[in-house]
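Accompanying notes for the structure given below.
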């Protein structure tokens, strides 16, 4: 997630807004390197606007409220979409569902984001929820802030996990197993999304967590007066 945020920050610093951040557009190589793909609907602040006002561009499940209303996307729009990706990775489902893409997009505009489970680290919960604020001005200042904050949270959680493992005590005369496996914590999993078989979409991991949810449905429609 931190790598994705850094990649978005570089794009934003060159005036490019992705406008369709979602798991299917985030690839992870076998070395753990993140690649952001599909800039086909991206918007460049250095070029003339190619979509008319009122045109909705993005994928309904991950679209920002302002995009859903046909307003111009900004770097904060990509931050919102990345927040949806983080939300889904942490709890296994998206914040909003609906019968149609229009219903889902409307929920992003009008409905409060359901809180993340209390089992997730408090600071991580609060930061992801800040990425999902309705007002772009209330979200993190830029994607670099997202990357740095996520990196700090990851390090703290890993340090806590290491400290907990080092302080484990065993009963007298007990044998230490040759290898000990533990169930991955949701917070660690979201930071370490990777594939064992080369570059593959992060979406495949999330689909497994979510029990094979429906495919993303793009929301490309024109608002009518």
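In this note's numbering, the protein residues as written are -16 to 208. A virtual CB, placed ideally from N, CA and C, is assigned to each residue, including glycine. Please read these numbers as outputs of a predicted model, since none were measured by experiment.
In this structure, does DSSP put residue 85 in helix, strand or coil? It is helical.
Contact test: residue 129 Cβ vs the ligand MN heavy atom, cutoff 7 Å: The ligand MN is absent from the structure shown, which contains no ligand whatsoever.
Tell me the rounded alpha-carbon separation between residue 128 and residue 142. Using only the alpha carbons, I get a separation of about 21 Å.
Across which residues does DSSP place residue 18 in a beta bridge pair? Bridge pairing for residue 18: 10 [DSSP].
Could you have a look at residue 96 and say whether DSSP puts it in helix, strand or coil? coil
Give a yes or no on contact between the stretch 101 to 109 and the stretch 49 to 67, applying the rule of three or more CB pairs nearer than 8 Å. These segments do not touch.
Use the C-beta contact count for residue 47: other C-beta atoms within 10 angstroms, 16 or more gives buried, fewer gives exposed. buried
Residue 81 beta carbon less than 8 Å from that of residue 90: yes
Verify whether the separation of the beta carbon atoms of residue 119 and residue 42 is less than 8 Å. No, these two residues do not count as a Cβ contact at 8 Å.
Can you tell which of 125, 138 and 51 has its C-alpha closest to the C-alpha of residue -11? 125
Tell whether a beta-carbon distance below 8 Å holds between residue 18 and residue 12. yes
Could you compute how far the alpha carbon of residue -5 sits from the alpha carbon of residue 44? 22 Å
Can you tell me whether DSSP reads residue 132 as helix, strand or coil? helix
Under 8 Å between C-beta atoms of residue 103 and residue 73: In contact: residue 103 and residue 73 (Cβ atoms closer than 8 Å).
Which term fits residue 138, buried or exposed, when burial requires 16 or more other beta carbons within 10 angstroms of its beta carbon? exposed
May I ask you to list the residues that DSSP assigns as paired with residue -7? DSSP, once it has assigned bridges, lists no residue as partnering residue -7.
Along the chain, where does the alpha helix (DSSP H) that runs through residue 72 open and close? 58 to 74
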